[in-house]
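>
Residue numbers (the numbering used here): 5 to 349.
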């Protein structure tokens, strides 16, 4: 944890995974979401200082299949993030973040619907616990919020991470900022999900969930090294909660449809994607007219439909004329009958 004592700004870059990009493209083209889940890879991050120095390596470990695996439950799956310091060791963890499975993206009332993460120093997840992060009840209402505590049993957080956005989060066209304040309300840091700075980065984020974050910590704050490490861990919880499917592009060749996720609408923990769609197949033939005949829908051409309507109209008129002739015949019959009766009398 001594590494965080002198840390003031970090750049976090998620690695591009070609296999994940190909699986997502195939799943979108075939309209088969499960294929995209099977191609979901464990996240890997490179962490640099603001001058480009190599600071940390962060590697996710999680199951692909299973009830809480990536294939079925991403991005809410159970996982662990292992943090390495390349300058010291590439095999021994400096810290571990443990996130259990939760039913994310729904109203944050029950405990099962409130994402959380526990931070440990060293390589053991049951070792020295240094922090606990959790979404509060109702999730900060209209602005996504996380609370950071030293222990799970603490009732009052020592720091709060809160989004500057209201009701809307995500999207590739703007930076997304989260302010970190202490319990007195003083600003002690900021987490920024940066927008793509090039066409290549924009295409990468469309095809995969590779993102870029910046973490800034106030040099004049009284934060300890462990508290800074917990804020660093909170950044990853934010990534999994809101930015794993950011800017999702779907090109559905089967249904000839294209969709692009612009952003997510947020309220009390509920996340609802807002997308733009175009294309798609029509349920009805545009050149035809649907008729109901004997309880079944039949599609006929416009010309045939007009002819059918004309024939039906002529049939009804003919029926009326026949009915009128029959009525006149009956009247004549009655008159003849009356005339015969008079003669007989």
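Backbone N, C-alpha and C define an ideal beta-carbon position, used for all residues, glycine too. Note that the coordinates shown come from a computational prediction; the quantities given were computed from them, not determined experimentally.
Kindly give me the distance between the Cβ atoms of residue 49 and residue 15, rounded to whole angstroms, as I take these residues to be in contact under 8 Å.
Not quite, the Cβ-Cβ distance comes to about 10 Å (not below 8 Å), so this is no contact.
> Mark residue 177 as exposed unless 16 or more other C-beta atoms lie within 10 angstroms of its C-beta, in which case mark it buried.
Result: exposed.
> Along the chain, where does the beta strand (DSSP E) containing residue 79 start, and where does it finish?
Run containing residue 79: none; DSSP gives neither H nor E here.
> Using the Cα positions of residue 207 and residue 199, report the straight-line distance between them to the nearest angstrom.
Cα-Cα distance, rounded: 12 Å.
> Can you tell me whether residue 212 is buried or exposed? The criterion is at least 16 other CB atoms within 10 Å of its CB, across all chains shown.
The residue is buried, with at least 16 neighbouring Cβ atoms inside 10 Å.
> Less than 8 Å between the CB atoms is what I'm expecting for residue 353 and residue 24, so what's the real figure, rounded?
Outside the shown range of the chain, which is 5 to 349, sits residue 353, and nothing can be said about it.
> Which whole runs of the beta strand (DSSP E) in the region 232-262 are 3 residues long or more, in chain order?
List check, beta strand (DSSP E) in window: 253-256.
> Starting from residue 281 and walking both ways along the beta strand (DSSP E), at which residues does that stretch end?
Counting along the chain, the beta strand (DSSP E) containing residue 281 begins and ends at 274-283.
> Less than 6 Å between C-beta atoms, sequence neighbours within five positions excluded: which residues of the same chain meet that for residue 82?
Taken in chain order, the residues that qualify are 72, 104, 105.
> Who are the Cβ neighbours of residue 13 in its own chain at under 6 Å, not counting the five residues just before and after it?
So the qualifying residues of the chain are 54, 220.
> Assign residue 38 to one of three DSSP states: helix, strand, or coil.
In this structure, residue 38 counts as helix in the three-state DSSP scheme.
> Just to confirm the assignment, what range does the alpha helix (DSSP H) spanning residue 206 have?
Run containing residue 206: 203-211, per the alpha helix (DSSP H) assignment.
> I want to know whether the region 18-36 touches the region 227-237 - three or more CB-CB distances under 8 Å.
No contact exists between the region 18-36 and the region 227-237.
> According to DSSP, is residue 9 helix, strand or coil?
Correct three-state label for residue 9: helix.
> Determine the burial state of residue 139: buried for a count of at least 16 other Cβ atoms within 10 Å of its Cβ, exposed for fewer.
With 16 or more other Cβ atoms within 10 Å, it is buried.
> With three or more beta-carbon pairs closer than 8 Å as the criterion, would you say the region 263-280 touches the region 165-180?
Result yes; three or more Cβ-Cβ pairs closer than 8 Å.
> Are residue 284 and residue 249 closer than 8 Å when you measure CB to CB?
For residue 284 and residue 249, no; Cβs fall outside 8 Å.
> Could you check what DSSP says for residue 143 in three-state terms: helix, strand or coil?
Residue 143 falls in the helix class under three-state DSSP.
> For residue 225, I'd like the list of residues in its chain whose CB is within less than 6 Å of its CB, leaving aside the five on either flank, ordered along the chain.
If we look at residue 225 and ignore the five residues flanking it on each side, its Cβ neighbours are 192.
> Would you mind reading off the limits of the beta strand (DSSP E) that contains residue 102?
It spans 99-103 - the beta strand (DSSP E) in which residue 102 sits, taken as one unbroken run.
> Count the other CB atoms within 10 Å of the CB of residue 255; is the residue buried (16 or more) or exposed (fewer)?
That one is exposed.
> Counting C-beta neighbours from all protein chains within 10 Å, is the total for residue 128 16 or more, i.e. buried, or is it exposed?
Residue 128 is exposed by the Cβ-count criterion.
> As a quick exercise: from 261, 64, 190, pick the residue whose alpha carbon is nearest that of residue 227.
When only C-alpha atoms are compared, the closest one is 190.
> Would you kindly work out how many angstroms separate the C-alpha atoms of residue 217 and residue 84, rounded to a whole number?
Spanning the two alpha carbons is a distance of roughly 19 Å.
> Just verifying my parser: in three-state terms, what is the DSSP assignment at residue 230?
Helix, per DSSP.
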